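In what follows, a structure is listed as structure tokens, so that the remarks can point back to it.
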Amino acid sequence: MVNSTDFGKRLQVILNYYGISATDFSNQISVNRSTISHLLSGRNKPSLDFVMKVLEKFPEVELYWILNGKGSFPSEKNENSSTSIINEKKPKIGTSLKNKVNTENDAPLPINISKSLNEDNIDRIIIFYKDGSFKSYKN
Numbered sequence: 001m002v003n004s005t006d007f008g009k010r011l012q013v014i015l016n017y018y019g020i021s022a023t024d025f026s027n028q029i030s031v032n033r034s035t036i037s038h039l040l041s042g043r044n045k046p047s048l049d050f051v052m053k054v055l056e057k058f059p060e061v062e063l064y065w066i067l068n069g070k071g072s073f074p075s076e077k078n079e080n081s082s083t084s085i086i087n088e089k090k091p092k093i094g095t096s097l098k099n100k101v102n103t104e105n106d107a108p109l110p111i112n113i114s115k116s117l118n119e120d121n122i123d124r125i126i127i128f129y130k131d132g133s134f135k136s137y138k139n
């Protein structure tokens with residue numbers, strides 16, 4: 001049985017992972033904004049239709065993880081995907097971010113990265129490591 005409160009917390013993890021608002025999320029999976037609000041607050045349990053839409057749109061989400069917290073997010077099978085971060089516009093991170101922040105935040109972009117990218121459209125690049133730490137580079 002799905003625990004509504006815990007499901008809401010996992011849904012918030014998904015929103016944070018993709019860096020999108022609840023409204024953007026609802027638009028992407030074609031559900032009402034109020035549905036997301038009720039799920040985030042733990043008021044309602046998710047429908048099968050809702051879960052299937054999430055799994056279809058966001059392949060890094062595993063069924064067992066979103067329903068009962070077992071497994072990992074993002075899915076380990078999709079973690080090593082050869083898809084480009086720039087094309088997908090979503091980060092590929094390790095299995096957890098346990099409040100580990102690197103003190104090098106907002107360091108200038110390394111030369112080899114910044115020359116190969118269109119810098120006009122990039123505000124920040126964040127590299128996530130499997131141990132949960134990350135580095136943020138600001139142009």
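At position 84 of the sequence shown (counting the first as 1) the number is 84 in our numbering, and the numbers step up by one without a gap.
Cβ atoms here follow ideal geometry from the backbone N, Cα and C, with glycine treated the same way.
Since we're looking at a predicted model, the values are computed, not measured.
When the beta-carbon positions are compared, residue 73 and residue 62 come within less than 8 Å of each other. Under a 10 Å Cβ-count criterion, residue 129 is classified as exposed, with fewer than 16 other Cβ atoms of the shown protein chains found around its own Cβ. DSSP places residue 33 in the helix class (H, G or I) of the three-state scheme. The shortest CA-to-CA distance from residue 123 to any of 69, 134, 132, 138 is the one to 138.
The beta carbon of residue 67 lies closer than 6 Å to those of 2 in the same chain, with the five residues before and after it left out. Annotated three-state conformation of residue 72 is coil, per DSSP. Non-local C-beta neighbours of residue 38 in its own chain, meaning closer than 8 Å and more than five positions away in sequence, comprise 44, ordered along the chain.
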